[in-house]
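A.B. asks: Structure incoming, see below.
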Amino acid sequence: MIRTLHLCKTFHPARGAPVEAVRDATFRVDSGEILGLLGPNGAGKTTLLRMLAAIIRPTSGRCWIGGLPTQDQPEETRSHLGFLSGNTKLYGRLTVRELLGYFGSLYHMLDDRIVERIAELSALLDMTSFLDRRCEELSTGQTQRVSIARVMMHDPPVLILDEPTLGLDIMTSRTILEFIADARARGRSIIFSTHYMTEAELLCDRVALIHAGTLLAIGTKEDLYAETATDNLKDAFLTLVDKEVRQTP
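And the structure:
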């Protein structure tokens with residue numbers, strides 16, 4: 012459902028040298044699979060996700076969502092995915108119910124289906140108690156749950172989630188992680204970007220480790236442990252970074 016081939020993105024600032032944000036990224040994510048994307052700030056995670064979501068165009072290489080080339084069919088591509096960015100904002104003066112209904116209409120959903128879908132997502136994300144409150148009155152955890160419901164209104168086959176649990180309390184994080192696991196069980200293809208190694212170890216089927224724009228390794232956690240002679244993702248990541256640094260001229 013998600014595929015990239017030699018995907019690259021270079022930014023050209025007004026001053027200074029060009030910045031290679033993503034270099035030669037090739038991977039795929041199948042139906043019913045969660046790929047964890049792990050890396051520090053500035054590693055290229057968000058740039059990679061925005062290329063997949065057809066928000067920015069790659070400098071070179073190709074990517075496909077549901078068999079559709081994102082560069083050639085960006086609008087069709089977006090209809091197949093739900094993209095949660097790290098700076099998602101809600102319309103503060105709308106209630107949660109009004110906001111979800113509005114986004115349902117943008118996806119040309121029928122009124123009956125919008126009502127049905129709001130009820131489904133409200134139950135799955137534990138939002139019933141604040142469905143009719145304005146978004147500007149919500150807590151951080153409530154806002155994040157609504158943001159995820161927003162990108163799921165049209166029940167897309169592909170989910171791209173950029174740090175969906177960042178800054179949340181343990182109970183809200185658990186609700187969101189359970190929701191993501193349920194989406195996988197229903198056959199969704201998911202890219203899950205996170206800073207939290209424990210979340211990736213518990214939830215992801217495979218993990219992609221990215222540093223300075225380069226995918227250092229992709230595989231199951233067991234594959235990565237075997238490759239680096241470690242027993243956790245933190246040490247595996249640091250081992251691969253050290254190896255990359257030593258090999259860089």
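Every letter in the sequence shown is one number past the one before it in the working numbering, and letter 38, counting from 1, is 49. Think of the CB as a built atom: it goes at the ideal place given N, C-alpha and C, for glycine as much as any other residue.
I66 by DSSP, collapsed to three states: which one?
C.D. replies: Along the sequence shown, one-based indexing puts residue 66 at 55. Three-state result, I66: coil.
A.B. asks: Can you grab the Cα-Cα spacing for the pair A223 / A32, in whole Å?
C.D. replies: By 1-based counting over the sequence shown, the position of residue 223 is 212. By 1-based counting over the sequence shown, the position of residue 32 is 21. Straight-line Cα distance between these residues: approximately 7 Å.
A.B. asks: Can you tell me whether A219 is buried or exposed, with buried defined as 16 or more other CB within 10 angstroms of its CB?
C.D. replies: Indexing the sequence shown from 1 puts residue 219 at position 208. Buried, because 16 or more other Cβ atoms sit within 10 Å of the Cβ of A219.
A.B. asks: Indicate the three-state DSSP secondary structure (helix, strand or coil) for A196 in the structure shown.
C.D. replies: Within the sequence shown, numbered from 1, the residue matching residue 196 stands at position 185. Of the three classes helix, strand and coil, the one that applies to A196 here is helix, per DSSP.
A.B. asks: Does G93 pass the burial test, meaning 16 or more other C-beta atoms within 10 Å, or should it be called exposed?
C.D. replies: Position 82 of the sequence shown holds residue 93. Label assigned to G93: buried.
A.B. asks: Can you round the beta-carbon distance between R156 and L105 to whole angstroms, since I take them to be within the 8 Å contact cut?
C.D. replies: The residue given as residue 156 occupies position 145 in the sequence shown. The residue given as residue 105 occupies position 94 in the sequence shown. With 8 Å as the limit, R156 and L105 do not qualify as a contact, their Cβ atoms being about 15 Å apart.
A.B. asks: What are the start and end residues of the beta strand (DSSP E) that includes A228?
C.D. replies: For this step, residue 228 is matched to residue 217 along the sequence shown. Taken as a continuous stretch (DSSP letters only), the beta strand (DSSP E) holding A228 covers 225–230.
A.B. asks: With D35 as the anchor, note down where its beta strand (DSSP E) starts and where it stops.
C.D. replies: Along the sequence shown, one-based indexing puts residue 35 at 24. Residues 30–40.
A.B. asks: Please report the residue range of the beta strand (DSSP E) in which G72 lies.
C.D. replies: Reading the sequence shown from its first residue, position 61 is the one you call residue 72. Run containing G72: 71–76, per the beta strand (DSSP E) assignment.
A.B. asks: Roughly how many angstroms separate the alpha carbons of A134 and E148, rounded to a whole number?
C.D. replies: Locating residue 134 in the sequence shown gives position 123, counting from the first residue. Locating residue 148 in the sequence shown gives position 137, counting from the first residue. Cα to Cα, the separation comes out at about 20 Å.
A.B. asks: Using only the alpha-carbon positions, how far apart do D83 and T205 sit?
C.D. replies: As a working mapping, residue 83 is identified with position 72 in the sequence shown. As a working mapping, residue 205 is identified with position 194 in the sequence shown. Between D83 and T205, the C-alpha separation is close to 29 Å.
A.B. asks: In terms of residue numbering, what span does the beta strand (DSSP E) encompassing K20 cover?
C.D. replies: Along the sequence shown, one-based indexing puts residue 20 at 9. Element bounds for K20: 13–22.
A.B. asks: DSSP has V218 in a bridge; who is on the other side?
C.D. replies: Reading the sequence shown from its first residue, position 207 is the one you call residue 218. According to DSSP, V218 bridges with G47, G230.
A.B. asks: Return the CA-CA distance between S184 and L79, expressed in angstroms with no decimal places.
C.D. replies: The count along the sequence shown starts at 1 and reaches residue 184 at position 173. The count along the sequence shown starts at 1 and reaches residue 79 at position 68. Going from the Cα of S184 to the Cα of L79 covers about 32 Å.
A.B. asks: Between R73 and I67, is the Cβ-Cβ spacing less than 8 Å?
C.D. replies: Position 62 of the sequence shown holds residue 73. Position 56 of the sequence shown holds residue 67. No. Outside cutoff.
A.B. asks: For M23, count neighbouring C-beta atoms within 10 Å of its own C-beta (all shown protein chains included) and say buried if the count is 16 or more, exposed if not.
C.D. replies: Your numbering for residue 23 matches position 12 in the sequence shown. The amino acid occupying residue 23 in the given sequence is His; Met does not appear at that position. Exposed.
A.B. asks: Using DSSP with H/G/I as helix, E/B as strand and the rest coil, what is G152?
C.D. replies: Here residue 152 refers to the residue found at position 141 of the sequence shown. Helix at G152.
A.B. asks: Cα-Cα, which of K100, I125, L121 is closest to I159?
C.D. replies: In the sequence shown, counting from the first residue as 1, residue 159 sits at position 148. Of the listed residues, the one whose Cα sits closest to I159 is K100.
A.B. asks: Just the C-alpha distance for E87 and H165, rounded to the nearest angstrom, thanks.
C.D. replies: What you label residue 87 is simply residue 76 of the sequence shown in a count that begins at 1. What you label residue 165 is simply residue 154 of the sequence shown in a count that begins at 1. Approximately 13 Å between the Cα atoms of the pair.
A.B. asks: In whole angstroms, what separates the C-alpha of E8 from that of L249?
C.D. replies: Look at the range of the chain in this structure, 12 to 260, and you will see that residue 8 is not part of it.
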